[in-house]
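In my numbering, the protein residues as written are 236 to 423.
The structure under discussion appears below in the form of structure tokens.
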């Protein structure tokens, strides 16, 4: 399998273990979600002391972790005329109500019919564009909501706005409020 040009080697320092391999790597590099790291580990692209392992492997000081990221196939994400409920939009950002059943960004099993496809269509037919920070797969995406969750999402249209909002989410200076509607009486 072709790999990207980088090979990352990490030697676990004293005081860094014991900790799950996937947690350890996710804390070191926020560019990779735990889900992506788990897939890379299970597919053998991340090894410990030269051996394939599991995401739950407990690392210890002195372990040598090698991370080789496979070269991604280029994505051809197409604009799709999916209705959007836009709550607010200006030159810097777009705020929308994401409907349940809509996946936020393309991923295995959901290459089309996503919020990103809908936003590409919106920007193609109107004015503006995404922040480039999220890359081609997640352009402008500051955060996400699960497929079956309805709620307000913020999409950055400028890189500086994207970076600022991501920083605020990381520092927890933005409040998120969740409401759940329950039909009937829960057993617990």
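Ideal Cβ positions, reconstructed from N, Cα and C, are used throughout, including at glycine.
Bear in mind that the values here come from a model prediction, so they are computed numbers and not experimental data.
Contacting residues, own chain, Cβ-Cβ under 7 Å from residue i (five flanking each side not counted)
| i | result |
| --- | --- |
| residue 366 | 374, 375, 391, 392, 393, 394, 396 and 397 |
| residue 315 | 347, 348, 352, 353 and 356 |
CA-to-CA distance, residue j to residue i, given in whole angstroms
| i | j | result |
| --- | --- | --- |
| residue 236 | residue 280 | Legend: pLDDT at residue 236 = 42, less than 50; position of this residue unreliable, no value from coordinates given. |
| residue 269 | residue 275 | 10 Å |
| residue 377 | residue 400 | 7 Å |
| residue 420 | residue 335 | 22 Å |
| residue 417 | residue 385 | 14 Å |
| residue 252 | residue 292 | 11 Å |
| residue 290 | residue 282 | 10 Å |
| residue 404 | residue 328 | 15 Å |
| residue 358 | residue 408 | 29 Å |
| residue 423 | residue 305 | 44 Å |
| residue 267 | residue 360 | 32 Å |
| residue 242 | residue 402 | 27 Å |
| residue 415 | residue 326 | 32 Å |
| residue 364 | residue 370 | 13 Å |
Beta-carbon proximity of residue i to residue j, cut-off 7 Å
| i | j | result |
| --- | --- | --- |
| residue 294 | residue 247 | yes |
| residue 320 | residue 332 | yes |
| residue 261 | residue 272 | yes |
| residue 412 | residue 379 | no |
| residue 296 | residue 343 | no |
Per DSSP, the bridge partner or partners of residue i
| i | result |
| --- | --- |
| residue 425 | Look at the range of the chain in this structure, 236 to 423, and you will see that residue 425 is not part of it. |
| residue 359 | Per DSSP, none; premise fails for residue 359. |
| residue 244 | 301 |
| residue 332 | 320 and 387 |
| residue 192 | Outside the modelled stretch of the chain, which goes from 236 to 423, sits residue 192, for which no answer is possible. |
| residue 294 | 254 |
Residues near residue i in its chain [Cβ-Cβ closer than 8 Å; skip 5 each side]
| i | result |
| --- | --- |
| residue 341 | 310, 312, 347, 349, 351, 352 and 372 |
| residue 285 | 299 and 301 |
| residue 330 | 321, 322, 323, 324, 387, 388, 389 and 390 |
| residue 337 | 317, 348, 349, 350, 353 and 382 |
| residue 263 | 245 |
Beta-carbon proximity list for residue i, same chain, < 6 Å, skipping 5 on both sides
| i | result |
| --- | --- |
| residue 244 | 301 |
| residue 431 | Not covered by the structure: residue 431. The range shown for the chain is 236 to 423. |
Taking 8 Å as the cut-off, does the segment 251 to 266 touch the segment 292 to 303 (at least 3 CB pairs, one atom from each stretch)?
yes
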